[in-house]
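Numbering (the working numbering), first residue to last: 1472 to 1769.
Each residue gets a CB set at the ideal place from its N, CA and C atoms; glycine is no exception.
Here is the structure we will look at.
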């Protein structure tokens, strides 16, 4: 448990009331360790518990507001398998911002957990738009993610995903010079490697196993999205990146929506975006994985 200064405690309580509209006062705030940025914790208010994220500064506020927006979009598509959003607000004294979510009592996965996850994901992917991107920008982890709309998928993936991430690494001095030629060739080849106009599906955008919780009743619940409209396979690709998802999940998804041939190559392409982001966030430990992908398409 983390200590809370008086100004933070006051700001959290005021922001909680503003976010939720509840008249019930905050009885307790318990902060948890382990967040990458800001603070996460549990608030008790009356007979209810909430999970909260508190962050200071304008970028923290933007990230929490974007998370609330993304969860709301997913929740509308698939109500039972996305965490509840109780509200978002900036503290009246501007000491910080607060995202208030439903508190999930964790449980053990039900026997059909993987099947239900696949069905939930297929339900989310059935929500489509007429272009790739979103009407707003958001974040992938703590990295800003631009979602300006494009009419073709290869153009979007090049200009809104791979190229901006490479630019960030170059600006930080973290881009090895020998990556440039194979990377540029890969970007040039995207129109032949990716489908031109697959359905612009609503995607979670950051679907690794840590962003799937198990509720007390055993159902899967999605958290921490980086939503936009894109090729549905981007979610399936990230599920493959770090593992943790049972074959039954992919089998059930294929029964509902299916995947076209060439998925393995597209998986490597789509995960290059996440690997570059991991280099940006965590450093050189991901260089080998990036270089393996670049060699694959060179």
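Setting aside the 5 residues that flank it on each side, residue 1757 is surrounded in the same chain by 1746, 1749 and 1750, each with a C-beta closer than 6 Å to its C-beta; the list follows chain order. Taking the Cα of residue 1652 as reference, the smallest distance to any Cα among 1755, 1503, 1762 and 1513 is reached at 1762.
Residue 1482 places its beta carbon 7 Å or farther from that of residue 1568. Here the stretch 1738-1745 makes contact with the stretch 1631-1638; the two share three or more CB pairs at distances below 8 Å. Distance from the CA of residue 1612 to the CA of residue 1638, rounded to the nearest whole angstrom, comes to 17 Å. By DSSP's assignment, residue 1521 forms a beta bridge with 1514 and 1573.
By the neighbour-count criterion, in which a residue is buried when 16 or more other Cβ atoms sit within 10 angstroms of its Cβ, residue 1616 is buried. For residue 1555, the CB contacts under 8 Å within the same chain, skipping 5 residues up- and downstream, are 1546, 1572 and 1573 in chain order. Judged by beta-carbon spacing, residue 1718 lies beyond the 7 Å limit of residue 1552, meaning their Cβ atoms are not closer than that value.
Between residue 1561 and residue 1539, the alpha-carbon positions lie close to 13 Å from each other.
Spanning the alpha carbons of residue 1677 and residue 1724 requires a straight line of approximately 18 Å. Residue 1645 and residue 1494 have their C-alpha atoms roughly 49 Å apart. With contacts defined by Cβ atoms closer than 7 Å, residue 1686 and residue 1570 do not form a contacting pair. Taken through DSSP and simplified to helix, strand or coil, residue 1611 comes out as strand.
Look at residue 1536 here: in three-state DSSP terms it is helix. Ranked by Cα distance from residue 1689, the first of 1577, 1520 and 1712 is 1577. The residue among 1664, 1766 and 1656 with its C-alpha nearest the C-alpha of residue 1736 is 1664. Every unbroken stretch of the beta strand (DSSP E) spanning 3 or more residues and falling wholly within the stretch 1626-1711 is given here in chain order: 1671-1674, 1683-1685, 1691-1693 and 1699-1701. The C-beta separation of residue 1650 from residue 1765 comes to about 6 Å, placing the pair in contact by the 8 Å criterion. Rounded to whole angstroms, residue 1657 and residue 1648 show a C-alpha spacing of 15 Å.
If you draw a 10 Å sphere on the C-beta of residue 1514, you find 16 or more other C-beta atoms in it, and that means buried. Counting only the Cα atoms, residue 1510 lies some 6 Å from residue 1526.
The same chain holds no residue with a CB closer than 6 Å to that of residue 1597 once the five nearest residues on each side in sequence are set aside.
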